[in-house]
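S.K.: Residue numbers (our numbering): 3 to 373.
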C-alpha cells in the first residue's frame with residue numbers, strides 16, 4: 003500500500019513508540035488519541051491530520067478502521083507511513099464490521115494511555131485538543147473521569163456553520179441530574195482508562211457508547227465540561243440518519259423508532275450492568291445508586307414493552323397494555339399505547355421529522371439528525 007519497505011517503516015514506528023513511552027512522566031503520562039472510522043474516505047485525511055498535529059506529548063495515535071468497503075484504511079496506512087513526527091502510531095483494521103460499541107472495545111484493548119481522546123473519521127480535532135483536555139483532568143487527578151467540550155459544526159466542504167455548547171446541568175433532582183450530565187457530546191469526549199479497567203468492555207451491540215462511558219464515569223467520579231470548541235463536527239448525508247429514503251414512509255418511521263428504542267434499551271442495560279458491578283470503587287452515594295437502579299429498571303421494563311408494542315399486531319399490542327397494567331407502568335405510558343392503537347402519532351411525528359430533514363438537505367442546509 004506504500005512505497006516504503008516494511009523494515010524501515012516498522013523500525014521507525016518502534017522508535018516512535020519507545021520515545022513516547024520513554025518521555026512519559028507523572029505530570030505528562032502517555033495519553034491515547036484514537037481515530038475510529040468506517041467508510042469515510044472523503045474525510046479521513048483531515049481527521050488523521052488533526053490527530054497527527056496534536057501538540058501534547060507523549061501521545062500514541064491509534065488509527066482504526068471498522069472494515070470499510072472504500073479506501074478509508076488505505077489513506078490511514080499511507081499517512082501513517084509518511085509521518086515523520088514524534089508520536090507513536092498504531093494501525094488497526096477490523097476483519098469485519100463490529101459497530102461502534104464493539105469497535106470502541108477493540109481499540110480500548112489496544113490503548114495504553116492513561117486518558118483516551120476519541121475522534122470520528124469525518125471530524126477534525128484542533129491541534130491542542132489533547133493538551134487542553136488533559137489540563138482539565140489534572141484539576142482533580144483520580145476524580146475526573148470524563149471531559150467533553152463544545153464543538154463547531156462544518157458542512158461537507160469544511161465551512162463552519164455554527165457552534166454547539168452545553169454547560170454541565172446543575173438543576174433537577176439527583177437522579178435526573180445524574181442522567182442529564184451523562185449526555186455528553188460523543189464527538190468531543192475523552193475519558194480515563196479506569197472506566198474500562200473497572201467495568202470491562204461495553205455490552206455487545208452498544209451504540210450509545212458516549213452516554214454509557216459517561217455514566218460509568220459518574221459512578222467513579224466526575225464529568226467535566228470545557229467550554230472551548232476543540233472539535234469540528236462534520237454534518238453530511240452519510241451521518242444524518244433521518245435522510246434514509248423510503249417508498250413506505252410509515253414503515254421507514256417504524257424502523258427508525260425500533261432502532262432508536264433498541265439502542266436506548268441497550269444503553270440502560272449497560273447502566274444497570276455498571277451499577278451491579280461487584281467490587282467497583284464507587285464514589286457515588288449508595289442511596290443515589292439505589293435510586294438510579296430503581297429508575298433505570300423501570301425504564302428498561304418500559305422500553306422492552308415499547309418495542310414489543312411497536313413490533314406487535316393489534317392483539318399483541320393489547321397484550322402489551324395488559325402486561326403494562328400488571329407491572330405498574332406509568333399511566334402516561336399506558337395512555338400513549340392506548341392512543342397508538344387508534345392513531346400512530348409517534349410514527350407521524352418521526353415521519354414529519356424525516357421529511358423536514360430531507361427538505362433541509364435539498365435546500366443545501368444542515369439538518370439535525372434524529373437519534
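Ideal Cβ placement from N, Cα and C applies to all residues, glycine included.
Got a sec? Which residues, its chain only, sit under 8 Å from residue 99 by beta carbon, not counting five neighbours each side?
M.R.: 40, 68, 69
S.K.: What residues are listed by DSSP as bridge partners for residue 236?
M.R.: 156
S.K.: Here's a check: name, in chain order, each residue in its chain whose Cβ is nearer than 8 Å to the Cβ of residue 229, leaving out the five neighbours to either side.
M.R.: Closer than 8 Å at the Cβ level, and outside the excluded window around residue 229, lie 151, 152, 167, 169.
S.K.: So, at 6 Å on beta carbons, what are the nonlocal neighbours of residue 105 in its own chain, with the 5 sequence-adjacent residues on each side left out?
M.R.: 38, 68
S.K.: For residue 226, count neighbouring Cβ atoms within 10 angstroms of its own Cβ and tell me buried if that reaches 16, exposed if not.
M.R.: Residue 226 should be labelled buried.
S.K.: On the criterion of 16 or more Cβ atoms from any shown chain inside 10 Å, does residue 341 qualify as buried, or is it exposed?
M.R.: exposed
S.K.: Pair every Cβ in the segment 41-51 with every Cβ in the segment 117-137, then say whether three or more of these pairs are closer than 8 Å.
M.R.: yes
S.K.: In this structure, does DSSP put residue 228 in helix, strand or coil?
M.R.: strand
S.K.: Alpha helix (DSSP H) containing residue 107: first to last residue?
M.R.: Residue 107 -> alpha helix (DSSP H) spans 102-112.
S.K.: Please report the residue range of the beta strand (DSSP E) in which residue 39 lies.
M.R.: 33-39
S.K.: In chain order, what residues of the same chain lie with their CB nearer than 8 Å to the CB of residue 147, ignoring the 5 residues before and after it?
M.R.: The answer, listed in chain order, is 193, 194, 196, 197, 218, 219, 220, 222, 223, 224, 225.
S.K.: Within its chain, find whatever has a CB closer than 8 Å to the CB of residue 336; leave out the 5 residues flanking it on each side and keep chain order.
M.R.: 323, 326, 327
S.K.: Less than 8 Å between the beta carbons of residue 63 and residue 89, yes or no?
M.R.: yes
S.K.: Using the C-alpha atoms, what's the distance from residue 266 back to residue 204?
M.R.: Spanning the alpha carbons of residue 204 and residue 266 requires a straight line of approximately 14 Å.
S.K.: Tell me which same chain residues have a C-beta within less than 7 Å of the C-beta of residue 287, skipping the five on either side of it?
M.R.: none
S.K.: Consult DSSP for residue 288 and reduce its assignment to one of helix, strand or coil.
M.R.: If DSSP states are grouped into helix, strand and coil, residue 288 belongs with the helices.
S.K.: Alpha carbon to alpha carbon, what distance is there between residue 275 and residue 310?
M.R.: Distance between the alpha carbons of residue 310 and residue 275 is about 22 Å.
S.K.: According to DSSP, is residue 166 part of a helix, a strand, or is it coil?
M.R.: strand
S.K.: To the nearest angstrom, report how far apart residue 256 and residue 338 are at their CA atoms.
M.R.: 16 Å
S.K.: Does residue 128 get closer than 8 Å to chain C when you measure Cβ to Cβ?
M.R.: Considering every chain present, this structure includes no chain C. It has just one protein chain.
S.K.: What are the start and end residues of each continuous beta strand (DSSP E) run of 3 or more residues lying completely inside the segment 165-225, in chain order?
M.R.: DSSP runs (the beta strand (DSSP E)) wholly in the segment 165-225: 192-194.
S.K.: So what does residue 62 bridge to, in DSSP terms?
M.R.: 34, 90
S.K.: In the structure shown, what three-state DSSP assignment does residue 121 receive?
M.R.: strand
S.K.: Nearest to residue 299 by CA position, among 232, 118, 272, 134, is which residue?
M.R.: Residue 299 has its Cα closest to that of 272, out of 232, 118, 272, 134.
S.K.: Less than 8 Å between the C-beta atoms of residue 36 and residue 118, yes or no?
M.R.: Yes.
S.K.: Got a sec? Which residues, its chain only, sit under 6 Å from residue 290 by beta carbon, not counting five neighbours each side?
M.R.: 176
S.K.: Taking C-beta to C-beta, are residue 260 and residue 317 nearer than 8 Å?
M.R.: no
S.K.: Ordered along the chain, which non-local residues of its own chain (more than five positions away) have a Cβ less than 6 Å from that of residue 81?
M.R.: When the five nearest sequence neighbours on each side are left out, the beta carbons in the same chain lying within less than 6 Å of the beta carbon of residue 81 are those of 50, in order along the chain.
S.K.: Quick one: using the 10 Å Cβ neighbour count with 16 as the cut-off for buried, is residue 4 buried or exposed?
M.R.: The predicted position of residue 4 is uncertain, since its pLDDT is 33 and thus under 50; no value can be drawn from it.
S.K.: Answer yes or no: do residue 212 and residue 186 have a C-beta to C-beta separation smaller than 8 Å?
M.R.: Yes; because the gap between Cβ atoms is below 8 Å, this pair is in contact.
S.K.: Nearest-angstrom Cα distance between residue 75 and residue 268?
M.R.: Going by the C-alpha atoms only, they are around 29 Å apart.
S.K.: For the putative contact between residue 116 and residue 31, defined by C-beta atoms under 8 Å, what is the C-beta separation to the nearest angstrom?
M.R.: The C-beta distance from residue 116 to residue 31 rounds to 4 Å, short enough to meet the 8 Å contact threshold.
S.K.: Quick one: what's got a C-beta closer than 6 Å to residue 235's C-beta in the same chain, skipping five residues either side?
M.R.: 125, 153, 155, 189
S.K.: Tell me, please, which residues DSSP counts as bridged to residue 150.
M.R.: 227
S.K.: Find the nearest neighbour of residue 1 within the set 293, 282, 331, 134, judged by alpha-carbon distance.
M.R.: The chain is shown only over 3 to 373; residue 1 falls outside these bounds and no answer can be derived.
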